[in-house]
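Q: To start, I am sharing the structure in question, which I have written as structure tokens.
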Amino acid sequence: KNEVEQSPQNLTAQEGEFITINCSYSVGISALHWLQQHPGGGIVSLFMLSSGKKKHGRLIATINIQEKHSSLHITASHPRDSAVYICAVLVVGRTGNQFYFGTGTSLTVIP
Amino acid sequence: NAGVMQNPRHLVRRRGQEARLRCSPMKGHSHVYWYRQLPEEGLKFMVYLQKENIIDESGMPKERFSAEFPKEGPSILRIQQVVRGDSAAYFCASSPLWVAGVYEQYFGPGTRLTVT
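So the sequences go chain by chain: P and W.
Residue numbers for the first sequence follow the working numbering, so the first one is 1 and each next one is one higher.
Residue numbers for the second sequence follow the working numbering, so the first one is 112 and each next one is one higher.
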């Protein structure tokens with residue numbers, strides 16, 4: 001069983017639609033990242049969250065620590081949002097830091 | 112402020128050769144992380160370094176792989192005697208000094224290693 005589960009695995013949306021990608025995790029975390037990986041392979045960190053909600057442009061990320069769940073929302077989706085979105089959690093322990101990644105959600109936005 | 116730099120972007124090695132991957136963190140960042148993404152798989156953590164110090168290498172394969180982040184110069188991920196299964200994209204990320212468990216990581220463009 002993976003420590004980080006994302007859903008859906010694949011998502012196709014029409015331009016303009018509101019999109020939600022979910023991430024559930026099974027470990028106690030210090031922080032959660034949402035990453036974006038474009039078809040060329042480059043990775044961009046979209047958000048780093050440890051509680052609450054963050055907004056950047058059309059992107060919104062929320063986290064519920066008690067329920068061990070985070071969501072990434074994209075409003076007014078656009079074809080340029082097509083990418084793989086990856087949820088990653090950081091677990092800090094006495095012996096070091098453990099990073100766990102979801103397998104990603106592949107988003108395609110159709111014009 | 113230049114972002115995280117990785118070189119080479121593409122590297123082809125024959126089985127048994129050595130691969131050296133370099134990562135220059137963002138200016139002012141003292142922490143470097145290496146990740147591996149195998150084809151059709153997700154990112155996996157490999158190692159976390161500060162300058163001259165390995166903080167956590169729990170994700171590194173026990174043999175053939177090593178990493179360093181010297182006082183001067185880039186961080187190096189070294190793979191000795193490469194095998195086909197090492198073919199992957201290797202990403203480096205950097206962050207500033209980690210305080211109270213809160214940090215932000217900035218990713219490099221990755222090095223795509225192909226072992227023939």
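All residues carry an ideal CB built from backbone N, CA and C; glycine is no exception.
Quick one: does residue 216/W have its CB under 8 Å from some CB of chain P?
A: Taking the first residue of the second sequence as position 1, residue 216/W is located at position 105. At least one chain P Cβ lies under 8 Å of residue 216/W.
Q: How long is the line joining the alpha carbons of residue 11/P and residue 163/W, rounded to whole angstroms?
A: Stepping through the first sequence from its first residue, residue 11/P is reached at position 11. Stepping through the second sequence from its first residue, residue 163/W is reached at position 52. Going from the Cα of residue 11/P to the Cα of residue 163/W covers about 43 Å.
Q: Report the rounded CA-to-CA distance for residue 114/W versus residue 125/W, giving the unit in angstroms.
A: Working through the second sequence from its first residue, we reach residue 114/W at position 3. Working through the second sequence from its first residue, we reach residue 125/W at position 14. Roughly 30 Å separates the two Cα atoms.
Q: Do you know offhand how far residue 36/P's Cα is from residue 133/W's?
A: On the first sequence, position 36 is the one that residue 36/P refers to. On the second sequence, position 22 is the one that residue 133/W refers to. Rounded to the nearest angstrom, the two C-alpha atoms are 22 Å apart.
Q: Any C-beta of chain W within less than 8 Å: which residues of the region 37–69 of chain P qualify?
A: Flagged, chain order: 41, 42, 43, 44, 45, 48 and 50.
Q: Given this structure, state the Cα-to-Cα distance separating residue 190/W from residue 118/W, to the nearest angstrom.
A: One-based indexing of the second sequence puts residue 190/W at position 79. One-based indexing of the second sequence puts residue 118/W at position 7. Each residue's alpha carbon lies about 15 Å from the other.
Q: Identify, in the order they occur along the chain, each residue of the same chain with its Cβ nearer than 8 Å to the Cβ of residue 39/P, setting aside the five sequence neighbours on each side.
A: Within the first sequence, residue 39/P is the residue found at index 39, counting from 1. The residues are 82 and 83.
Q: Nearest-angstrom Cα distance between residue 182/W and residue 135/W?
A: Working through the second sequence from its first residue, we reach residue 182/W at position 71. Working through the second sequence from its first residue, we reach residue 135/W at position 24. The straight-line gap from Cα to Cα measures roughly 12 Å.
Q: Closer than 9 Å, Cβ to Cβ, to anything on chain P: give me those residues from the region 145–160 of chain W, in chain order.
A: Within the region 145–160 of chain W, the residues whose Cβ lies closer than 9 Å to some Cβ of chain P are 146, 148, 152, 153, 154, 155, 156 and 159, listed in chain order.
Q: For residue 76/P, does the count of other Cβ atoms within 10 angstroms reach 16, so buried, or fall short, so exposed?
A: As a position in the first sequence, residue 76/P is number 76, starting the count at 1. So residue 76/P counts as exposed.
Q: Beta strand (DSSP E) containing residue 131/W: first to last residue?
A: If you number the second sequence from 1, residue 131/W lands on position 20. 130–135 is the span of the beta strand (DSSP E), which, as asked, contains residue 131/W.
Q: Tell me whether residue 33/P sits in a helix, a strand or coil according to DSSP, three-state version.
A: Numbered from its first residue, the first sequence carries residue 33/P at position 33. Three-state DSSP puts residue 33/P in a strand.
Q: Can you tell me which of the three DSSP states residue 52/P falls into?
A: Numbered from 1 along the first sequence, position 52 holds the residue referred to as residue 52/P. Strand.
Q: Give the straight-line distance between the Cα atoms of residue 19/P and residue 62/P, rounded to the nearest whole angstrom.
A: Looking up residue 19/P in the first sequence gives position 19. Looking up residue 62/P in the first sequence gives position 62. Going from the Cα of residue 19/P to the Cα of residue 62/P covers about 13 Å.
Q: With DSSP run on the structure shown, which of helix, strand or coil describes residue 58/P?
A: In the first sequence, residue 58/P corresponds to position 58, counting from 1. The answer is coil: DSSP assigns residue 58/P none of H, G, I, E or B.
Q: Can you say whether residue 147/W is buried or exposed, counting buried as having 16 or more other CB atoms within 10 angstroms of its CB?
A: Mapped onto the second sequence, residue 147/W falls at position 36. The residue is buried, with at least 16 neighbouring Cβ atoms inside 10 Å.
Q: Would you say residue 203/W and residue 159/W are within 8 Å of each other, going by their C-beta atoms?
A: Taking the first residue of the second sequence as position 1, residue 203/W is located at position 92. Taking the first residue of the second sequence as position 1, residue 159/W is located at position 48. Not closer than 8 Å, so no.
Q: In the structure shown, what three-state DSSP assignment does residue 189/W receive?
A: Residue 189/W sits at position 78 when you count from the first residue of the second sequence. Residue 189/W falls in the strand class under three-state DSSP.
Q: In the DSSP assignment, the beta strand (DSSP E) including residue 164/W goes from what residue to what residue?
A: What you label residue 164/W is simply residue 53 of the second sequence in a count that begins at 1. Element bounds for residue 164/W: 164–167.
Q: Specify, as a first and last residue, the run of the beta strand (DSSP E) that residue 176/W falls within.
A: Counting from 1 along the second sequence, the entry for residue 176/W is found at position 65. From DSSP, the beta strand (DSSP E) with residue 176/W extends over 176–179.
Q: Of all Cβ atoms in chain P, is any one closer than 8 Å to the Cβ of residue 220/W?
A: Position 109 of the second sequence, counting from 1, holds the residue named residue 220/W. Interface residue, yes.
Q: If the criterion is Cβ atoms closer than 8 Å, does the pair residue 51/P and residue 33/P meet it?
A: Position 51 of the first sequence, counted from the start, is the residue given in the question as residue 51/P. Position 33 of the first sequence, counted from the start, is the residue given in the question as residue 33/P. Contact flag unset, no.
Q: Can you give me the Cβ contacts of residue 211/W inside the same chain, cut-off strictly under 8 Å, excluding the 5 residues immediately before and after it?
A: Position 100 of the second sequence, counting from 1, holds the residue named residue 211/W. With a pLDDT of 46 at residue 211/W, under the threshold of 50, the modelled position of this residue cannot be trusted; read the value that follows with caution. So the list is empty, once near-sequence residues are dropped.
Q: Kindly indicate if chain W contains any beta-carbon less than 8 Å away from that of residue 19/P.
A: Position 19 of the first sequence holds residue 19/P. So no, residue 19/P is outside the interface.
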